[in-house]
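Here's the structure we're looking at; comments come further down.
In the working numbering, the protein residues as written are 413 to 700.
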């Protein structure tokens with residue numbers, strides 16, 4: 413109730429503010445621009461607060477408080493007053509409209525959803541025009557399907573069909589907390605998060621994979637013990653290193669040709685396969 417009263421008081425003050433004649437507006441703008449007269453700037457801003465209120469009413473469909481929209485619009489209005497150049501011979505209301513709208517649009521994009529949307533100019537245009545365009549197409553003589561409607565909107569705004577479909581889905585529903593309970597009344601059905609599907613393996617599968625992995629590492633370590641020192645060095649450099657040394661690099665390091673390195677590597681792999689085949693045939697078959 414207090415918020416509603418404050419909003420009404422703010423709207424009344426804005427509507428009661430006197431209009432400025434063109435000459436008076438120009439004189440105040442020059443006083444601020446050249447003499448930094450704060451009172452002149454504030455007078456210009458206050459006389460145009462009705463413009464802020466009128467524009468805030470257009471953004472109420474997004475479900476945000478009127479008072480907050482007016483406050484954000486007032487910030488844009490003050491920014492416009494600070495930047496206005498009287499030498500351009502343009503009425504302040506024309507210039508301020510862009511700053512007020514930009515300030516309100518940014519506020520809506522930041523607060524309408526917990527998921528940030530409209531990060532590009534095209535997406536912003538889609539966010540603020542989708543409902544209007546959809547309503548206009550629905551009122552026409554043609555009976556358009558959702559797909560056809562989305563395609564026409566995408567063409568009109570210069571965005572992809574996927575962007576239109578995604579934004580339409582977002583605008584059709586509100587944010588839902590993953591911690592929100594699912595049960596009704598006294599029934600404890602858990603939170604939404606508990607019912608989200610997971611691609612992770614089941615607990616018993618995770619334990620099984622962990623045990624199998626540890627067993628495979630032990631078998632591989634034992635099989636590596638069958639190799640000579642030079643074979644071990646080549647296998648470690650070629651197969652067990654992230655970078656993976658080339659045959660030529662190992663040939664230079666060992667003082668042999670790269671073809672000889674390849675032969676030693678092939679023989680070492682055959683030894684490993686033979687050693688692993690006796691313990692884990694499947695692991696030996698996977699070696700290449």
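By construction, the Cβ of each residue, glycine as well, lies at the ideal position given by its N, Cα and C atoms.
Backbone CA spacing between residue i and residue j [nearest angstrom]
{"i": "residue 579", "j": "residue 539", "result": "7 Å"}
{"i": "residue 452", "j": "residue 498", "result": "13 Å"}
{"i": "residue 566", "j": "residue 544", "result": "13 Å"}
{"i": "residue 661", "j": "residue 673", "result": "10 Å"}
{"i": "residue 506", "j": "residue 516", "result": "16 Å"}
{"i": "residue 512", "j": "residue 465", "result": "10 Å"}
{"i": "residue 569", "j": "residue 542", "result": "9 Å"}
{"i": "residue 546", "j": "residue 558", "result": "9 Å"}
{"i": "residue 487", "j": "residue 564", "result": "36 Å"}
{"i": "residue 598", "j": "residue 483", "result": "Note that residue 598 has pLDDT 49, beneath the 50 cutoff, so the model's placement of it is unreliable and the number below is only indicative. Near 42 Å, if we compare the C-alpha coordinates of residue 483 and residue 598."}
{"i": "residue 523", "j": "residue 494", "result": "26 Å"}
{"i": "residue 665", "j": "residue 650", "result": "13 Å"}
{"i": "residue 690", "j": "residue 628", "result": "13 Å"}
{"i": "residue 587", "j": "residue 573", "result": "In this prediction, residue 587 scores a pLDDT of 49, lower than 50, which makes its location untrustworthy; no coordinate-derived value is stated."}
{"i": "residue 390", "j": "residue 455", "result": "The question about residue 390 has no answer, for the chain in this structure spans 413 to 700."}
{"i": "residue 635", "j": "residue 644", "result": "11 Å"}
{"i": "residue 475", "j": "residue 447", "result": "42 Å"}
{"i": "residue 668", "j": "residue 656", "result": "18 Å"}
{"i": "residue 670", "j": "residue 637", "result": "24 Å"}
{"i": "residue 654", "j": "residue 509", "result": "59 Å"}
{"i": "residue 423", "j": "residue 501", "result": "29 Å"}
{"i": "residue 490", "j": "residue 425", "result": "17 Å"}
{"i": "residue 556", "j": "residue 485", "result": "37 Å"}
{"i": "residue 514", "j": "residue 560", "result": "31 Å"}
Inter-residue CB distance, residue i and residue j (contact presumed, cutoff 8 Å)
{"i": "residue 701", "j": "residue 571", "result": "Residue 701 falls outside the range modelled here, since the chain spans only 413 to 700, and no answer is possible."}
{"i": "residue 478", "j": "residue 468", "result": "6 Å"}
Short Cβ contact (8 Å threshold) for residue i with residue j
{"i": "residue 458", "j": "residue 429", "result": "yes"}
{"i": "residue 688", "j": "residue 631", "result": "yes"}
{"i": "residue 480", "j": "residue 431", "result": "no"}
{"i": "residue 503", "j": "residue 434", "result": "yes"}
{"i": "residue 683", "j": "residue 652", "result": "no"}
Own chain residues within Cβ distance below 6 Å of residue i, not counting five before or after
{"i": "residue 548", "result": "none"}
{"i": "residue 420", "result": "none"}
{"i": "residue 427", "result": "462"}
{"i": "residue 449", "result": "443"}
Beta-carbon contacts of residue i that lie in its chain and below 7 Å, excluding the five residues immediately before and after
{"i": "residue 646", "result": "662, 673, 676, 677, 680"}
{"i": "residue 496", "result": "441, 504, 507"}
{"i": "residue 471", "result": "481, 516, 520"}
Spatial neighbours of residue i in its chain, beta-carbon cut-off 8 Å, leaving aside the 5 residues before and after
{"i": "residue 551", "result": "none"}
Original post:
Where in the region 630 to 680 do unbroken runs of the alpha helix (DSSP H), each at least 4 residues long, occur, reported from the N-terminal end onward?
Top reply: DSSP runs (the alpha helix (DSSP H)) wholly in the region 630 to 680: 641 to 651, 659 to 666.
Subject >> Residue ranges of each alpha helix (DSSP H) within the region 470 to 535, 4 or longer >> reply: Listed in chain order, the complete alpha helix (DSSP H) runs (minimum 4 residues) inside the region 470 to 535 are 478 to 495, 504 to 523.
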